Amino acid sequence: MARSALLGSSLTKKYWMALTGLFLCLFLVIHLAGNLQLLDASPEGRLKFNAYARFMTTFPVIKVVSYLLYFSILFHAFDGILLAVQNRQARPTRYVKEKPSANRTWYSGQMALLGSLLLVFIVLHMKHFWYEMHWGGLPLDSEGNTDLFTVVAEAYRQPLYVVLYVASMAVLAFHLLHGFQSAFQSLGLNHPRYTPIIKNVGVFFGVVVPILFALIPVWMFAFPG
Ligand code: HEM
C-alpha cells in the first residue's frame, strides 16, 4: 500500500475521531447536568428527575440527537480501534519507547485500551438504565412517569456498583486528559496563543467532569435519602 494512501486514510480517521470525540464531550456536559439532579433525593427531587428522564426519552428533537449520539459512540469506538491497529502495523518495532517525548504520557499511549474499557462501561450502563427505562416495564411514580430515580438509587446502594462506576470515571478522566486537547491538534487548530489555553481547559475538563460524575453514586450511597 502506498505510504501516502495509508497516511491519508489515517488522517481522515483522526479527523473523524476528533469530531466524534468533541461531540461526545459536549454530550458528557449535558448528561452530567441532568444527572446532578439525582443529588436531590427529596420526594419533589425524585419526581423532577423522572419528569426530566421522560422528556429526554420522548421529545422528538432530543430523540434524533440521541440516535446521532449512539452512532457517534459506535463510529468513534470502531474508528479508534482501527486507528490503533493501523498505527501498530505501521511501526512493528516499538521505537516510541526509545524516543520519549516531553508531551507523551502513559495514558496518551493507551487511548485504545482506555476507550475499550469505556465501551464496556457504556454498554453495561445502557443495559442497566437506558434499556430498563425503555423496555424494563418499570413502575410509575405518582405523576405517571417511569420511576427511574428508584432504579438508579437501588443500583447505587450496592458498593460494588459504586466502586466500578468510580473506577470507570477514572478511566474517562485519563481518556479526556489526552483526548480533549488532542482533538484540537487533529483538527489542525494550532495557535501559539490558544493551544496552551486549550490544553489547560482540557485538563480542567478531564478532571472536573469525571469527578462530578463519580460524586453522584458516592453521594447516593452515603445519603440514600
Ligand atoms: C464518553 C466517551 C468518549 C469520549 C468523550 C471520547 C473522547 C475522545 C476524544 C476527544 C479523543 C481525541 C480525538 C483526537 O485525538 O483527535 C478521543 C480519542 C480516542 N478515543 Fe475516545 N472518547 C470516548 C469513548 C471512546 C470509546 C468507547 C472508545 C473505544 C475504543 C474510544 C477510543 C479512542 C481512541 C483509540 C482514541 C485515540 C485516537 C488516536 O488519536 O489515535 N473512545 N476520544
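Quick note: the sequence shown uses our numbering, first residue 1, plus one each step. Idealized CB from N, CA, C, for every residue including glycine. Remember, it's a predicted structure, so these values are computed and weren't measured experimentally.
1) Run through the DSSP bridge pairs and tell me what residue 146 is partnered with.
2) What distance in whole Å lies between the Cβ atoms of residue 140 and residue 132, which are believed to be in contact at a cut-off of 8 Å?
3) Can you give me the Cβ contacts of residue 40 inside the same chain, cut-off strictly under 6 Å, excluding the 5 residues immediately before and after it?
4) Between residue 221 and residue 162, is the Cβ-Cβ spacing less than 8 Å?
5) What is the rounded straight-line gap between the Cα of residue 24 and the Cα of residue 186?
6) Where does the unbroken alpha helix (DSSP H) through residue 20 begin, and where does it stop?
7) Can you tell which of 128, 69, 53, 54 has its C-alpha closest to the C-alpha of residue 20?
8) Taking residue 48 as part of the alpha helix (DSSP H), name the residues at either end of that continuous run.
9) State the DSSP-derived secondary structure class of residue 195, mapped to helix, strand or coil.
10) Just checking residue 116 against the ligand HEM - is the residue's beta carbon closer than 7 Å to any of the ligand's heavy atoms?
11) Locate the alpha helix (DSSP H) running through residue 172, then write down its first and last residues.
12) Less than 7 Å separating the Cβ of residue 56 from some heavy atom of the ligand HEM?
13) Compute the distance between the beta-carbons of residue 73 and residue 122, then report whether it is under 8 Å.
14) Is any non-hydrogen atom of the ligand HEM found closer than 7 Å to the C-beta of residue 198, if you look at the structure I gave you?
15) Chain D beta carbons: is any one of them nearer than 8 Å to that of residue 209?
Walking through what the data contain:
1) 140
2) With a Cβ gap of about 13 Å, residue 132 and residue 140 do not count as contacting.
3) none
4) yes
5) Their Cα atoms are separated by approximately 16 Å.
6) 3 to 35
7) 69
8) 43 to 58
9) helix
10) For the ligand HEM, at least one heavy atom lies less than 7 Å from the Cβ of residue 116.
11) 159 to 186
12) no
13) yes
14) no
15) Within the model displayed, chain D is absent; a lone protein chain is all it includes.
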